[in-house]
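Each remark here refers to the structure printed beneath this line.
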Amino acid sequence: MAELVGYAIRDGVAVVTVDNPPVNALSPGVPESIEEAISRAGADPAARAVVLIGAGSTFIAGADIRFFETIPSREASIERSHAIHARLRRMEDCPKPVVAAIHGTALGGGMEFAMACHYRVAVPSAKVGQPEVLLGIIPGAGGTQRLPRLAGVATALEMCTQGNHISAARALKEGAIDRVIEGDLLTGAIQFALERAGPRRTRDLPVKPASTDEIRAALRKTARGARAPFACVEAIEAAMTLGFDAGCEREIQLFADCVLSSESKAMVKLFFAEREASKVPGVSKDTPAAEIRRAAVVGAGTMGGGIAMSYLNAGIPVRLKEVTQEALDRGLATIRKNYQTTVGKGKMTAEEMERRLSLLTPQVTYDGFDQADIVVEAVFENMDLKKATFAELGRVARPDCVLASNTSTLDIDEFARASGRPDKVIGHHFFSPANVMKLLEIVRGSETSKETIATSLKLARKLAKVGVVVGNCFGFVANRMLAYYIREANLLLEEGASVPQIDKVMTDLGFPVGPFAMGDIAGNDVGWRIRQYLKSLGKTRAEGPQSAIPDRICDLGRFGQKTGAGWYKYEPGSRTPIPDPLIEQLAEEAAKEKGIARRPIADAAILSRILTA
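Here the sequence shown stands for residues 275 to 887, numbered as in the numbering used here.
So, in structure tokens, the structure goes:
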């Protein structure tokens, strides 16, 4: 069995190499071996300094996440945390300069090991981060105490509460690393180590106090129902107010609270589920996948425009087609407005917005569709319209072009047959707003080829989406679940709850929006058209009792934000929902028709009913 950590002397420097493929995770044995090697270097007369580096494609990508599932109790968590904190302190006490040499990523525990070294260097392509919050926990090996000492409180708060990676260039600017190495990393790290006069312990550095009020206010909007982001703030506040030792103790206690929470258990489950989703039965990793370099989208409505933005954001040129110039102009105005909103928030420059828009070709014909590697259909949820669209795409697109449908419920096989090339037809069900939401349901039809599926999975990664391959059945997966969620909300409205109350119950739990606000964002007409189609077939979208209210608001033309009214009212140009007494009136009428005596309904009952459904 190969050693997990290697030791060698080069040019008077001890090179400690972590070799635990594929990502040098801190699996059992690795932390112990790193400490042992650094201790050996400290006593080795042949070593003037130490370089900690990773073999293969990365430095240390973090802890082995399965480790968190093995913690049986809060006491056990605290005991384990004390042990790893003590190990990093002993590393930090090495009498010779210890330099972390970073390539690939230094994430989570990997970043914490790097910060326990005296100095850090990295190649330009490296990234560092503390993404623990994405698993419902906080950095638990001193990350919340050492990071603010190196990079400042503001950067530490951002990295720990959002879980984002930062580039080597930014890490250098913020102080998280000490030098970017342009040439060979090990050679540069050894040279850097030999230039150091002695150790510089991170834990001895001061923390410059800063306010956490702004980040707390932001988290109250973006992290409702979550514990871990607020625990990160508490731990970093401890770094400012308690000193290193007491701050570490506070971190250990907060980590123990988080790691055993249902929040963390659920997010760890999701972590592994997302990776499991990439393993598709019948589609091996070596299945050929085409490179998507040019795209086309049919339909410039809410979904079509958002899908086009997803491609533009990935640097892929897009042809966007509509039936009329008026509809096309509306779609283009919405896309530009969405980008301008992002620019206004400081998340994108005006130059970047114009660069992305320059990749968009708006048109009312199919001209140039023979140049596209993929065409995404995003027209109304009408079977006849979609079949006609796919028949036309079968004529105008290249024979090797992928033909994808954004349908949320309808039969992919019917579109495939209409196209004349069923092996190239697949569902790409985006979620509104398509340029933001990360899920992409990839719907395989009965004749969809393995190559088309492999291409779709590769494309999902390029679009920064989580691609999940699902079967071709009514509503696929997400909308089959959503149908019951929405149905129960509608029935609660009839029985006496209000639209704002139901939405608030769900957002208080942690949902980004409630069921009614979600309908207004996505467009209530989407479900309405599906229900009309089902009625023509003598079917319903979800089994059990149904409410007439959704159809009635659509009969009034209240499709949501795009029409200025739906379950809520909206001022011109605004997305802020305003409760509308008309909805209460419609609910009273629907209840009367069913003989229901409306009554107050407790928040707990609403939550129980909706989650059970």
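Don't be surprised by glycine CBs; every beta carbon is placed ideally from N, CA and C.
- Between T729 and A563, the gap from beta carbon to beta carbon is short of 7 Å.
- For the pair L300 and G383, the CB atoms are nearer than the 7 Å cut-off.
- The three-state secondary structure of A497, taken from DSSP, is coil.
- Looking at the DSSP output, L713 shares a beta bridge with V740.
- Within the DSSP bridge table, the entry for I440 names V402 as partners.
- For the stretch 362 to 404, the full-length beta strand (DSSP E) segments reaching 3 residues or more read 372 to 376, 379 to 381, 393 to 396, 401 to 403 along the chain.
- When the alpha-carbon of F654 is set against those of S632, L631, S682, E306, the nearest one is in S682.
- The residue from Q859, I870, I880 with its alpha-carbon nearest to that of K778 is I880.
- Between V572 and E448, the C-beta gap is not smaller than 7 Å, which leaves the two residues out of contact.
- When secondary structure is reduced to three states using DSSP, S313 falls in the helix class.
- DSSP, read as helix, strand or coil, puts E651 in strand.
- Bridge partners of K621 according to DSSP: none are assigned.
- By the beta-carbon neighbour count (other beta carbons within 10 angstroms, threshold 16), Q859 is exposed.
- In the three-state scheme derived from DSSP, where H, G and I count as helix and E and B as strand, A288 is classed as strand.
- Unbroken beta strand (DSSP E) runs of no fewer than 3 residues, entirely contained in the stretch 660 to 739, are found at 676 to 679, 699 to 703, 713 to 718, following chain order.
- Straight across, the Cα-Cα distance linking P405 with M622 is about 23 Å.
- Annotation for A323: the continuous beta strand (DSSP E) segment containing it runs 323 to 328.
- In this structure, the beta-carbon distance from C506 to T435 falls below 7 Å.
- Residues I566 of the same chain have their beta carbon placed closer than 6 Å to that of L733, with the five preceding and five following residues left out of the count.
- According to the DSSP assignment, Q645 belongs to no alpha helix (DSSP H), since it is labelled neither H nor E.
- In this structure, P503 sits near L493, with a CB-CB distance shorter than 7 Å.
- For L468 against A323, the beta-carbon gap comes to about 6 Å, under 8 Å, which counts as contact.
- In its chain, beyond the 5 residues on either side, G437, M541, F545 have a beta carbon closer than 8 Å to the beta carbon of L408.
- Between H392 and the set L381, G378, V372, the nearest pair of CA atoms involves V372.
- Shown here for G719: same chain residues with a beta carbon closer than 7 Å to its own, the five before and five after excluded, namely I686, D687, A690, P696, V699, I700, N746 in chain order.
- Note on geometry: alpha-carbon atoms of V617 and E625 lie some 10 Å from one another.
- Inter-residue distance for L783 and A497 is about 10 Å (C-alpha atoms, whole angstroms).
- In the three-state reduction of the DSSP assignment, G280 falls in the strand class, which pools E and B.
- Counting the other CB atoms within 10 Å of its CB gives S723 a total of 16 or more, which places it among the buried residues.
- Taken through DSSP and simplified to helix, strand or coil, R453 comes out as strand.
- In the DSSP annotation of this structure, V638 is not part of any beta strand (DSSP E), being labelled neither H nor E.
- Across the structure, D674 and V649 are spaced so that their CA atoms are roughly 11 Å apart.
- Secondary structure remark: continuous alpha helix (DSSP H) runs of at least 4 residues inside the stretch 853 to 882, in chain order: 855 to 868.
- Secondary structure note for A463: its alpha helix (DSSP H) is the uninterrupted segment 459 to 469.
- Using a Cβ distance threshold of 7 Å, F643 and A662 do not count as a contacting pair.
- Burial state of M755 is exposed, judged by a 10 Å Cβ sphere holding fewer than 16 other Cβ atoms.
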